[in-house]
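Colleague:
Numbering (my numbering), first residue to last: -5 to 577.
#1: Tell me whether residue 473 is buried or exposed, calling it buried when 16 or more other Cβ atoms sit within 10 Å of its Cβ.
#2: Do the CB positions of residue 306 and residue 246 come within less than 8 Å of each other?
#3: Check whether the Cβ atoms of residue 55 and residue 100 lie closer than 8 Å to each other.
#4: Suppose you measure from the CA of residue 103 to the CA of residue 37; what does that come to, to the nearest Å?
#5: Might you give, ordered along the chain, the residues of its own chain that have their beta carbon closer than 6 Å to the beta carbon of residue 8, omitting 5 neighbours on each side?
#6: Quick test of your reading: residue 410 and residue 181, contact by CB under 8 Å. State the CB separation rounded to the nearest angstrom.
#7: Could you check which residue in 173, 163, 176, 76 has the C-alpha nearest to that of residue 127?
#8: In whole angstroms, give me the CA-to-CA distance for residue 294 and residue 140.
#9: Thinking C-alpha only, which one of 512, 388, 146, 289 is nearest residue 376?
#10: Specify the secondary structure class of residue 307 as computed by DSSP and reduced to three states.
#11: Does the pairing of the stretch 340 to 349 with the stretch 515 to 532 give three or more beta-carbon distances under 8 Å?
#12: Could you check if residue 433 is buried or exposed, using at least 16 other CB atoms within 10 Å of its CB as the buried criterion?
#13: Is it right to say residue 577 is buried, meaning 16 or more other beta carbons lie within 10 angstroms of its own, or is it exposed?
#14: How is residue 567 classed by DSSP in three states: helix, strand or coil?
#15: Look up residue 529 in the DSSP assignment and say whether it is helix, strand or coil.
#16: How many Å lie between residue 57 and residue 137 at the Cα?
#17: Could you spell out the range, first to last residue, of the beta strand (DSSP E) harbouring residue 296?
#18: Write down every uninterrupted run of the beta strand (DSSP E) in the stretch 155 to 212 whose length is 3 residues or greater and which is fully enclosed by it, in chain order.
#19: Residue 367: buried (16+ other C-beta within 10 angstroms of its C-beta) or exposed?
#20: Does the stretch 481 to 492 come close enough to the stretch 389 to 403 to have 3 or more Cβ pairs within less than 8 Å?
#21: Classify residue 362 as buried or exposed, calling it buried when 16 or more other Cβ atoms lie within 10 Å of its own Cβ.
#22: Check whether the Cβ atoms of residue 205 and residue 179 sit closer than 8 Å, and answer yes or no.
#23: Just grab the DSSP bridge partners of residue 470 for me.
#24: For residue 611, which three-state DSSP category applies?
#25: Less than 8 Å separating the beta-carbons of residue 253 and residue 315?
#26: What number of angstroms, rounded off, separates the C-alpha of residue 511 from the C-alpha of residue 528?
#27: Would you identify the three-state DSSP class for residue 506, choosing helix, strand or coil?
#28: Using the C-alpha atoms, what's the distance from residue 43 back to residue 26?
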């Protein structure tokens, strides 16, 4: 699974700038909205032809930059690149119509007309390109991320199944390996003991040296580290379904995002209010624009105050956004100053429509951003669950190998050595114990239920304090609830004991530590964290193999870990996955 970007803004902007819909919608908006205004002549050509040139110029530059951005094969656009694209598109859409109008009509524009064009057109053009890129990018990214989360959920189930199969396959493989080596050997020893053969004692010693001891060492060294790269990432092709659309529209959202005050107010300044000044004069802004802005601020922030901490289905959020958009249009249209004979009513109605449109799409953008945030959090949660499951399986692999190694090295080897001594002293030997041992070993392997248990975590820490007394001072902190939780999970307990033992050994060996502090606490999400802090009295160089061995142990049994080494103090921080849901 790929890492999610730390900021979605460059990704959203890239999705918008590389979409074929951006130049199409930009051109359509410039050209078609011109029909809402009175037909006029602009720089000697028809206003509709002018709008066509303006839209086509900006769209052409956007297409060129879209091609260049797609060639780079990246997933996000820097602010510098995006600014370059938008500024180039802005000046292209501003200057190209002037040149074409001059060529077609031969009209010689007044200096004031050129100044007005160069003053107002770039602001509106830049605002439209930027806002459209954001809205289109948000919709595309929201949809793709929604599909990715759905794919990840299915992949999680597939990976969990694969992990279970891997675990069972490994256990069966170990079962076969152990029984192929030990079953014939133990059967031969039993037969020799039953027949009172004189060659049994040397046979037992040969079995210990040639089979039992090497097998225990091999099992001890066979603990494997599993990571995402070991697993097959499944790809799923999803189609749009009525169910997925219904789920998207019924998902709960914060009611406040149905109205976006700051985005709406910014859009008002860039489009209708700027157009109002361009079409008429600054006085029109004071008479119509300022009262509208004041009422808009009052209505939107009042809505936010009453909508605080309220959740509604997404479809209700869109409905409320539409009603607020109509309300905003009404606030602009019902201003008596807007119906003065000075202002052409067709242009006022066009500006009213633009306010309704901008208010709704500001909320639409906010709702999509909210969905992107939700999907990003869901994707991160799935990644964490996969990492958790893999860590749990790593722990179980390690636990099985360690237990088998100890059972064979300590249990079986001790049993055989005792039999050899009994035979040497002509004492009675009961070979049935070998069969019982192998049966118990097989049961423990297949059911992960070995008889030998580790001491409880608090008991283990107290034993370490006594063992190292006089060499280093060990203090520990772990709550009774956490201690009970750890001690009830045999695999987790064994892993934490091993990590603590390794950390203390390293602190004493490499730092000559005189003080070691151990802290264990529970985290949310089925995790337990271990922190081991030691002072550094004397730094000793260590071989690469020693470092590699310690790191390998932590890699096998910890979900994550880091070692912070300083001149006066070193700290090991490790997190352990708690096996509660994965089986």
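The beta-carbon is built from N, C-alpha and C at its ideal position, and this holds for glycine as well. Everything numeric in this text was worked out from a predicted model, so none of it was measured.
Modeller: Taking the definition as stated:
#1: exposed
#2: yes
#3: no
#4: 6 Å
#5: 70, 71
#6: So it is not a contact: roughly 14 Å between Cβ atoms.
#7: 76
#8: 29 Å
#9: 146
#10: strand
#11: no
#12: exposed
#13: A caution first: residue 577 carries a pLDDT of 39, below 50, which makes its placement in the model unreliable, though a value can still be read off. So residue 577 counts as exposed.
#14: strand
#15: strand
#16: 23 Å
#17: Here residue 296 belongs to no beta strand (DSSP E); instead the alpha helix (DSSP H) covers 284 to 300.
#18: none
#19: exposed
#20: yes
#21: buried
#22: yes
#23: 512
#24: Because the chain here runs from -5 to 577, residue 611 falls outside it and cannot be looked at.
#25: yes
#26: 6 Å
#27: coil
#28: 11 Å
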